[in-house]
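K.L.:
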Amino acid sequence: MTDETVDGPNRFRAEAAAQGLPPQEVEAWIRTARPAVFLAEGGDGPVVARAGGDPLLPHGVPKPSDPFVASVDLAAFPPGATGLPLPADGHLLFFAGTDVGGGEGQVTDAVMYVPAGTPTAPSPLDHAWRKPYRPRELRTVWQQLSAQMPESFALDRWGDLADDEQFELADELADAWAHGGGYRPPWALQLGGHPVSPQNDPVHYARDAGEAGPSGQGGTAEASGAGDWALLATWRYGDDVPELDSGVAHWVIRHRDLAARRFDRVHRYIEMA
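Everything in the sequence shown is counted per full-length UniProt numbering, starting at 1 for the first residue and increasing by one.
1) Using DSSP with H/G/I as helix, E/B as strand and the rest coil, what is W158?
2) Please report the Cβ distance between L138 and A188, rounded to the nearest whole angstrom; I am assuming they are in contact, meaning their Cβ atoms lie under 8 Å.
3) Per DSSP, what kind of secondary structure is R34 in: helix, strand or coil?
4) For A17 and G180, I'd like the C-alpha separation in whole angstroms.
5) Going by the CB atoms, is the gap between Q166 and W158 shorter than 7 Å?
6) Between A96 and W235, how many whole angstroms is the CB-CB distance? I'm expecting something under 8 Å.
7) Around the C-beta of R50, are 16 or more other C-beta atoms found within 10 angstroms, so that it is buried, or is it exposed?
8) If I follow the unbroken beta strand (DSSP E) through F68, where does it start and stop?
9) If you check the beta carbons only, do V252 and P202 fall under 7 Å apart?
10) What's the C-alpha gap between P9 and P22?
11) Within this structure, are the beta carbons of G83 and G247 separated by less than 7 Å?
12) Which same chain residues, not among the five before or five after R134, have their C-beta less than 6 Å away from its C-beta?
13) Which value, in whole angstroms, describes the spacing of the CA atoms of D73 and P122?
14) For A230, does the three-state DSSP call read helix, strand or coil?
15) Decide if R254 is buried, meaning its Cβ has at least 16 other Cβ atoms within 10 Å, or exposed.
16) Would you give the residue range spanned by the alpha helix (DSSP H) that F167 belongs to?
17) Out of S152, D66, G90, point me to the one whose CA is closest to T98's CA.
18) Buried or exposed: A259, going by 16 or more other Cβ atoms within 10 Å of its Cβ?
19) At the level of alpha carbons, what is the spacing between S197 and E271?
20) For A16, which three-state DSSP category applies?
21) From L92, A33, H59, W29, pick the residue whose C-alpha is nearest to that of V48; which is it?
22) Can you tell me the Cα-Cα spacing of D109 and R13, whole angstroms?
23) In the DSSP assignment, what are the bridge partners of Q143?
24) According to DSSP, is A188 helix, strand or coil?
25) Taking its Cβ as the centre, do 16 or more other Cβ atoms sit within 10 Å of P195, making it buried, or is it exposed?
26) Would the beta-carbon of F77 fall within 7 Å of that of P185?
27) Contact defined as beta carbons within less than 8 Å: I believe E25 pairs with L173. What is the distance between those atoms, to the nearest angstrom?
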């Protein structure tokens, strides 16, 4: 088995050199890459996540205000697989509706952590406006580095005053990364890494809304505290949610809140193409 944290960047360096891309920016691109786990249906491995249907909730907890998306078995992943300070075991439950732009930002019950050994029971959420999502089991797992979207890289690298040439260079770096094997595999749920978004970067949205203050002052990511925020997960709704065209839900959190298990501080964003 190859180590993609080494082989992937090396293939990217070779491809970028063949295209004549600036080595300094190539290394900057590699530094921003983050480990991620991608989950999908199919395969004959163990069930690592269950999506749709009714969630298994602890007895007596308030029912979340939005439909159940997925429950992830955290013990199924080796330490460091996502680069996030996730609990070593237990289940992480995600909740989201289909209202694009509605209720975005901090949502106190968008994510629930259920420690291992906690008694649970199937708990219908009874959302009259939304039937439960299609039940499915996610068994296939990929672990690899996840690169930023080109526009996000340009804004974090050169600030809000980045020019057209810098945005074009970011696109060229993204193309070289993909050509070197850094493309995303087929997936339904992503944990960690960088987001892929049909509209805007949810990590930037959360950063701008958080304590770091607005980033629209021409500053770089380092100046605005971007590194404190992380993508916790992204969900692709799929064809069984026809009201969303290529819809995705993102959950974003500060590293320190994640380490403290403060999932009530998660920011959530729902988008469609």
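All C-beta atoms, glycine included, are put in the ideal place defined by N, C-alpha and C.
P.N.:
Result, derived from the coordinates:
1) In this structure, DSSP gives W158 a helical state, which the three-state scheme calls helix.
2) With a contact defined as Cβ atoms closer than 8 Å, L138 and A188 qualify at about 6 Å.
3) DSSP, read as helix, strand or coil, puts R34 in strand.
4) In this structure, the alpha-carbon of A17 lies about 11 Å from that of G180.
5) For W158 and Q166, yes; Cβs fall inside 7 Å.
6) Sure, about 7 Å apart at Cβ, within 8 Å.
7) By the neighbour-count rule (16 or more Cβ atoms within 10 Å), R50 is buried.
8) Annotation: the continuous beta strand (DSSP E) that includes F68 extends over 68–73.
9) Against a cut-off of 7 Å, the Cβ pair of P202 and V252 comes out as a contact.
10) Spanning the alpha carbons of P9 and P22 requires a straight line of approximately 15 Å.
11) Taking 7 Å as the Cβ cut-off, G83 and G247 do not qualify as a contacting pair.
12) In its chain, beyond the 5 residues on either side, G52, D240 have a beta carbon closer than 6 Å to the beta carbon of R134.
13) In a straight line, the C-alpha of D73 is about 16 Å away from that of P122.
14) Here A230 sits in strand by DSSP.
15) By the neighbour-count rule (16 or more Cβ atoms within 10 Å), R254 is buried.
16) Run containing F167: 164–177, per the alpha helix (DSSP H) assignment.
17) Per the Cα distances, D66.
18) Burial call: exposed.
19) Here the alpha carbons of E271 and S197 stand approximately 8 Å from one another.
20) The answer is helix: DSSP assigns A16 an H, G or I state.
21) Out of L92, A33, H59, W29, L92 has the C-alpha closest to the C-alpha of V48.
22) Looking at the backbone, the Cα of D109 and that of R13 are separated by about 42 Å.
23) Partner(s): V37.
24) Looking at A188 - three-state DSSP - the assignment turns out to be coil, as it is neither helix nor strand.
25) Buried: at least 16 other Cβ atoms inside 10 Å.
26) Judged by beta-carbon spacing, P185 lies beyond the 7 Å limit of F77, meaning their Cβ atoms are not closer than that value.
27) Rounded to the nearest angstrom, the Cβ distance from E25 to L173 is 6 Å, consistent with a contact under 8 Å.
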